[in-house]
Structure formats: structure tokens, C-alpha cells
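Have a look at the structure below, then the notes.
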Amino acid sequence: MHRKQIPCSGEELPVIGCGTYRGFDVNAEAAAAARLQNVLTALFTAGGSVIDSSPMYGRAEAVTGNLLAGSKAMREPSSPQRSGHAAAMPASRR
Numbered sequence: 001m002h003r004k005q006i007p008c009s010g011e012e013l014p015v016i017g018c019g020t021y022r023g024f025d026v027n028a029e030a031a032a033a034a035r036l037q038n039v040l041t042a043l044f045t046a047g048g049s050v051i052d053s054s055p056m057y058g059r060a061e062a063v064t065g066n067l068l069a070g071s072k073a074m075r076e077p078s079s080p081q082r083s084g085h086a087a088a089m090p091a092s093r094r
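Residue 53 in the working numbering sits at position 53 of the sequence shown, and the numbers go up by one each step.
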């Protein structure tokens with residue numbers, strides 16, 4: 001996947017990421033949440049690593065965190081660059 005460098009930090013990030021605003025705001029026990037695991041697996045398999053989430057996205061942040069905690073395809077996360085992003089990360093990965 002094509003990557004771009006962040007000017008202020010020099011960190012390279014993939015140009016494509018995954019937003020969680022509406023698609024991940026589902027009941028964590030629902031079949032919809034299980035299907036979202038495939039979305040994250042596809043992202044990581046393609047070389048992606050950027051996931052946008054926020055406490056303001058309803059259940060999306062908690063659902064994303066639970067899916068990441070159970071993901072075998074997940075890479076070691078980068079340090080969150082803004083407040084709020086760490087909350088989506090499982091505590092064992094912060």
C-alpha cells in the first residue's frame with residue numbers, strides 16, 4: 001500500500017485507513033460486529049494500519065477495540081497522536 005510521510009514526525013502512514021463513525025456503531029453482540037472483523041482483516045492484509053475512531057462515534061470505538069483485541073491480523077499499533085485514540089486500543093496494547 002502506498003504510504004506518505006507525516007512532515008512533523010517523519011512517520012510513514014498508509015494513504016488509506018478505516019473510518020468507524022457509522023459502520024462500526026453496532027451492537028457488539030450482533031452479527032454485524034462479527035462481519036466487521038473481516039473489514040479490519042482486509043485493512044491489515046492490504047498493508048493498512050490507520051483506524052479513525054472517537055468517543056463521539058457512539059458504540060463504534062468500543063466495538064473497534066473489542067475487534068482489535070481479538071484480531072490475529074492486527075499489527076502492533078503506533079502511539080496515538082491525539083487524545084481519545086488510546087481508548088480504542090485494548091489496555092494490553094497501550
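Cβ coordinates follow ideal geometry from the N, Cα and C atoms, glycine included.
query: From Cys18 to Ile51, what does the alpha carbon distance come to, in whole angstroms?
result: 5 angstroms
message: Please report whether the beta-carbon of Val63 lies at a distance below 8 angstroms from any beta-carbon of chain C.
response: Of the protein chains in the structure, only one exists, and it is not chain C.
- prompt: Got a sec, what are the start and stop residues for the alpha helix (DSSP H) Glu61 sits in?
  reply: Ala60 to Ala69
- request: Compare the C-alpha of Ala42 against each of Asp25, Asn27 and Leu68 and name the closest.
  value: Leu68
task: With Arg35 as the anchor, note down where its beta strand (DSSP E) starts and where it stops.
output: Taken as a continuous stretch (DSSP letters only), Arg35 belongs to no beta strand (DSSP E), being part of the alpha helix (DSSP H) at Ala31 to Thr45.
- request: Identify every residue that forms a DSSP beta bridge with Asp52.
  value: Gly19
Endpoints, the beta strand (DSSP E) within which Glu12 is located: Glu12 to Pro14
- request: Say whether the stretch 19–31 touches the stretch 48–63, bearing in mind that this needs 3 or more beta-carbon pairs closer than 8 angstroms, one atom from each stretch.
  value: yes
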